[in-house]
Amino acid sequence: MNTLVIVAIAAVCLLAGYTLYGRWLANKWGIDPKAKTPAYTKEDGKDYVPTDGWVVFAHQFSSIAGAGPVTGAIQAAAFGWLPVLLWILLGGIFFGAVTDFGALYASVKNEGKSMGLLIEKYIGKTGRKLFLLFCWLFTLIVIAAFADMVAGTFNAYTVTDGVASLAENAQVNGAAGTISILFMVFAVIFGLIQKQCKVSGWKEVVLGLVCTVAALGIGMNLPMVADKATWSYITFAYIFLASVLPMWLMKQPRDYMTTFMFAGMIIGATLGLVVAHPNMNLPVYTGFHNDNLGNLFPILFVTVACGAVSGFHSLVSSGTSSKTVANEKDMLKVGYGAMVLESLLAVLALCVAGAAAAADGTAAAGTPFQVFSGGVAGLLEMFGVPVYVASCFMTMCVSALALTSLDAVARIGRMSFQELFSVDDMEHAEGWRKLLCNTYFSTIVTLAFGYILTQVGYSNIWPLFGSANQLLSALVLITLCVFLKVTGRENKTLFPPLIIMLCVTFTALVQRTIGLVKAFNAGTAVFMVEGLQLIIAILLMVLGVVIVVNSGKELFNKKKEAVKQAA
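In terms of UniProt numbering, the sequence shown opens at residue 1 and continues consecutively.
Here's what the structure looks like:
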């Protein structure tokens, strides 16, 4: 089948989902364009900052469009491209976008509260503590994984038999690293100009484009050749700054600039498919069981992950975006719109991988990122883009997919840690509690654990990332069901995705636990690998069950009256 046809069908379906289902939800729940959002009522110049709707959209999309939609779609294609495509479309429209939009909506209607505080308000303090602990542990896994991924992308050296030598792509990797550093510098300049001069509209677009092009142009000509360890230090230094500095000064402008790159990548890939219109060489369907991955249910859903639904997205929606939305009418495009655009990115990744596969259906060699970046770079070269420029651009785009999620999850991890130990009266709290809730201290603790995890081998617990991510989405969905019920809003449409995600998550965790126990019984398990996975799998299931039970009591408590309020 022609890949262009697949992309066209996907684009039409996703646009229809946004226009019809997304707007139906917004009308059903209620949007008040005249209401004062938390960005105004709690404005502090740091986290709560009224921001243009498209800038918030850029932040949301850049933060959620991490490694997941690319790696997940390509890895899951082992089951065939059709089941992956169907889940991306159905999941994106009815699961992922609903979860993201719902989390943003609930947070904005509740003074910009994060999911943890929303759980405390509508379910109880025990649920809040467990959820925050779950979130913090989850962010450590993501920080370790994405930081290692970014440092590896910029690494200019390869080690053979203990001897380090320049890698074949040293210049390209170094250039991408320089561009990333310049993005940070230009982001601060962009943020200062935007804040001091009140730049908006077309002037904001021009300023963003100029900063983006300048970073790309200078970086390509001044590659920074360094090893992985050096880039790891630089990466953690950046995410520390992104976690503690005001949103408007670095995070938002960097996300805004990155969106131009993502747009260029998506447009370039789409135009390349239009001109080349290559065939989808991957098989349509390979069967219910795959020797490497397992059974289609639940592994397909867990593997596709962010391209269809992700619990991490709700942390971005309620953790950062809700505090910057200036008007409630922007919530639909920020919450629902950013997710369906990410689903389109997942479809593009699937099609690029399909075009790169051999005619007999054999998948292209390399990691999903290598397959995707190499495929899109090849499409860009068809338009006369020099090989070096195309390679630098795509390497930067690939690293940015991880980096924009990395700085967001680091900030969310810091906030989760603070909320875990905070009390209502922090002014009279104990000294140790004030220390743990200090912005700088909580950031250092979070990043320190994340860094340690990269050193001991995050890959030992990464197999559980997909299950943890999907379980998080289920916990968010049940919280939203309670919120909608308590505030007198319709919540029945959330029941199907909630039930399905709970079934997917717990099935995957149980299967993984059984597999790990069998490995121990066979004597093939290593404690620091399979043992660590087993502990985390059991911990996730216990936390999940307790939170679901607590939430279920509130959800099905018929005696509880619906409370119609601003929230």
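All C-beta atoms in this analysis are idealised placements derived from N, C-alpha and C, irrespective of residue type, glycine included.
For clarity, every value in this text was computed on a predicted model and none was experimentally measured.
Are the stretch 44-63 and the stretch 318-328 touching by the rule of at least three beta carbon pairs closer than 8 Å? By the Cβ rule, the stretch 44-63 counts as touching the stretch 318-328, because three or more pairs are nearer than 8 Å.
Quick check: what's the CA-CA separation for LYS564 versus ILE119? Mapped onto the sequence shown, residue 564 falls at position 564. Mapped onto the sequence shown, residue 119 falls at position 119. For LYS564, the predicted model reports a pLDDT of 45, less than 50, meaning its position is unreliable and no value from the coordinates is stated.
Taking all protein chains shown into account, do 16 or more other C-beta atoms lie within 10 angstroms of the C-beta of ALA566, making it buried, or fewer, making it exposed? As a position in the sequence shown, residue 566 is number 566, starting the count at 1. Confidence is the limiting factor: at ALA566 the pLDDT is only 45, short of 50, which leaves the residue's position unreliable, though a coordinate-based value still follows. ALA566 should be labelled exposed.
On the criterion of 16 or more Cβ atoms from any shown chain inside 10 Å, does TRP202 qualify as buried, or is it exposed? Locating residue 202 in the sequence shown gives position 202, where the first residue counts as 1. So TRP202 counts as exposed.
Rounded to a whole number of angstroms, what is the C-alpha to C-alpha distance between GLU561 and LEU192? The residue labelled residue 561 in the question sits at position 561 within the sequence shown. The residue labelled residue 192 in the question sits at position 192 within the sequence shown. Below a pLDDT of 50, predicted positions are generally treated as unreliable, and GLU561, at 49, falls in that range; no measurement from the model is reported.
Just list the alpha helix (DSSP H) runs in the stretch 168-206, keeping only unbroken ones of 4 residues or longer that don't cross its boundaries, in chain order. Taking only runs of at least 4 residues, the alpha helix (DSSP H) segments lying wholly in the stretch 168-206 are 170-197.
Indicate the three-state DSSP secondary structure (helix, strand or coil) for TYR157 in the structure shown. The sequence position of residue 157 within the sequence shown is 157, counting from 1. Strand, per DSSP.
What runs of the alpha helix (DSSP H), each 4 residues or longer, lie entirely inside the stretch 2-41? For the alpha helix (DSSP H) assignment, the uninterrupted runs of no fewer than 4 residues enclosed by the stretch 2-41 are, from N- to C-terminal side, 3-16, 23-29 and 38-41.
Below 8 Å on the Cβ atoms is my guess for TYR451 versus PHE101; work out the distance and round it to an integer in Å. Counted from its first residue, the sequence shown places residue 451 at position 451. Counted from its first residue, the sequence shown places residue 101 at position 101. The pair is not a contact, with the Cβ atoms about 34 Å apart (cut-off 8 Å).
Looking at C-beta atoms only, is the number of pairs between the stretch 86-101 and the stretch 339-352 that lie closer than 8 Å three or more? By the Cβ rule, the stretch 86-101 counts as touching the stretch 339-352, because three or more pairs are nearer than 8 Å.
The beta strand (DSSP E) spanning SER165 covers which residue range? Counting from 1 along the sequence shown, the entry for residue 165 is found at position 165. Looking at the DSSP string, the run of the beta strand (DSSP E) that includes SER165 is 163-166.
Between the Cα of VAL159 and the Cα atoms of LYS228, LEU207 and VAL185, which residue gives the shortest distance? In the sequence shown, the residue the question calls residue 159 occupies position 159. For VAL159, the closest C-alpha among the options LYS228, LEU207 and VAL185 is that of LYS228.
With DSSP collapsed to three states, give me the class of VAL325. As a first step, residue 325 must be located in the sequence shown, where it is residue number 325. Strand, per DSSP.
DSSP state of HIS59, grouped into three classes? Along the sequence shown, one-based indexing puts residue 59 at 59. Here DSSP, grouped into helix, strand and coil, assigns HIS59 to helix.
Determine the extent of the alpha helix (DSSP H) in which PHE301 is found, giving its start and end residues. Within the sequence shown, numbered from 1, the residue matching residue 301 stands at position 301. Per DSSP, PHE301 belongs to the alpha helix (DSSP H) from 296-304.
Alpha carbon to alpha carbon, what distance is there between LYS113 and PHE417? Counting from 1 along the sequence shown, the entry for residue 417 is found at position 417. Counting from 1 along the sequence shown, the entry for residue 113 is found at position 113. So the two alpha carbons sit approximately 15 Å from each other.
According to DSSP, what are the bridge partners of THR320? By 1-based counting over the sequence shown, the position of residue 320 is 320. Paired residue(s): none; THR320 is not in a bridge.
Straight-line gap, SER442 to TRP432 (C-alpha atoms, nearest Å): The residue labelled residue 442 in the question sits at position 442 within the sequence shown. The residue labelled residue 432 in the question sits at position 432 within the sequence shown. Taking the straight line joining both Cα atoms gives about 12 Å.
Would you identify the three-state DSSP class for HIS277, choosing helix, strand or coil? Here residue 277 corresponds to residue number 277 of the sequence shown, with the count starting at 1. Reduced to three states, the DSSP call for HIS277 is coil.
Report buried or exposed for LEU401, applying the criterion of at least 16 other Cβ atoms within 10 angstroms of its Cβ. The residue labelled residue 401 in the question sits at position 401 within the sequence shown. Buried, by the Cβ-count rule.
Where GLU561 sits in the DSSP three-state scheme: Numbered from its first residue, the sequence shown carries residue 561 at position 561. Note that GLU561 scores a pLDDT of 49, beneath 50, so its modelled location is shaky and nothing firm can be said.
State yes or no: is the C-beta of GLY217 within less than 9 Å of the C-beta of LEU380? For the purposes of this step, residue 217 is taken as the residue at position 217 of the sequence shown. For the purposes of this step, residue 380 is taken as the residue at position 380 of the sequence shown. No. Outside cutoff.
Under 7 Å Cβ to Cβ from SER422, same chain only, skipping five residues before and after it: list those, please. Along the sequence shown, read from residue 1 onward, the residue named residue 422 stands at position 422. For SER422, where only same-chain residues beyond five positions count, the Cβ hits under 7 Å are CYS437.
Considering only residues of the same chain and omitting the five flanking positions on each side of PRO496, which have a CB-CB separation below 8 Å? Within the sequence shown, numbered from 1, the residue matching residue 496 stands at position 496. Excluding residues within five positions, the ones whose Cβ falls inside 8 Å are PHE94.
With DSSP run on the structure shown, which of helix, strand or coil describes THR212? On the sequence shown, position 212 is the one that residue 212 refers to. Here THR212 sits in helix by DSSP.
Just to confirm before moving on: does the CB-CB distance between PRO298 and THR99 stay below 9 Å? Within the sequence shown, residue 298 is the residue found at index 298, counting from 1. Within the sequence shown, residue 99 is the residue found at index 99, counting from 1. No. Outside cutoff.
Please report the Cβ distance between PRO253 and PHE190, rounded to the nearest whole angstrom; I am assuming they are in contact, meaning their Cβ atoms lie under 8 Å. The sequence position of residue 253 within the sequence shown is 253, counting from 1. The sequence position of residue 190 within the sequence shown is 190, counting from 1. Confirmed, Cβ separation roughly 4 Å.
Alpha carbons only, please: which of ALA408, LEU15 and THR51 is nearest the one belonging to LYS198? In the sequence shown, the residue the question calls residue 198 occupies position 198. Comparing C-alpha distances from LYS198 to each of ALA408, LEU15 and THR51 shows the shortest one belongs to THR51.
Quick check: the Cα distance between GLY354 and PHE520, rounded to an integer number of angstroms? Within the sequence shown, the letter at position 354 stands for residue 354. Within the sequence shown, the letter at position 520 stands for residue 520. For the pair GLY354 and PHE520, the Cα-to-Cα distance works out to about 38 Å.
Kindly indicate which residue of CYS351, VAL210 and PHE240 has the alpha-carbon position closest to the one of ILE412. Within the sequence shown, the letter at position 412 stands for residue 412. The shortest C-alpha separation from ILE412 is found at PHE240.
So, CYS306 versus GLY177, is the Cβ gap smaller than 9 Å? Translated into positions along the sequence shown, residue 306 becomes position 306. Translated into positions along the sequence shown, residue 177 becomes position 177. Going by beta carbons, CYS306 and GLY177 fall outside the 9 Å limit.
Is the CB-CB distance between LEU471 and LEU498 below 9 Å? By one-based count along the sequence shown, residue 471 stands at place 471. By one-based count along the sequence shown, residue 498 stands at place 498. Cβ distance not < 9 Å, so LEU471 and LEU498 don't count as in contact.
Mind checking who HIS428 pairs with in its DSSP beta bridge? Here residue 428 is taken as the residue at index 428 of the sequence shown, counted from 1. Beta-bridge pairing links HIS428 to no other residue.
With a threshold of 16 other CB atoms inside 10 Å of the CB of MET265, please say whether the residue is buried or exposed. Translated into positions along the sequence shown, residue 265 becomes position 265. MET265 comes out buried.
Enumerated in chain order, which unbroken segments of the alpha helix (DSSP H) with a length of 4 residues or greater are wholly contained in the stretch 66-138? 68-76, 81-91, 97-108 and 115-122, all fully within the stretch 66-138.
For my contact list, ALA474 and ARG512 are in at a C-beta cut-off of 8 Å; report their separation, rounded to the angstrom. Here residue 474 refers to the residue found at position 474 of the sequence shown. Here residue 512 refers to the residue found at position 512 of the sequence shown. At roughly 16 Å, the Cβ-Cβ gap does not stay under 8 Å, so ALA474 and ARG512 are not in contact.
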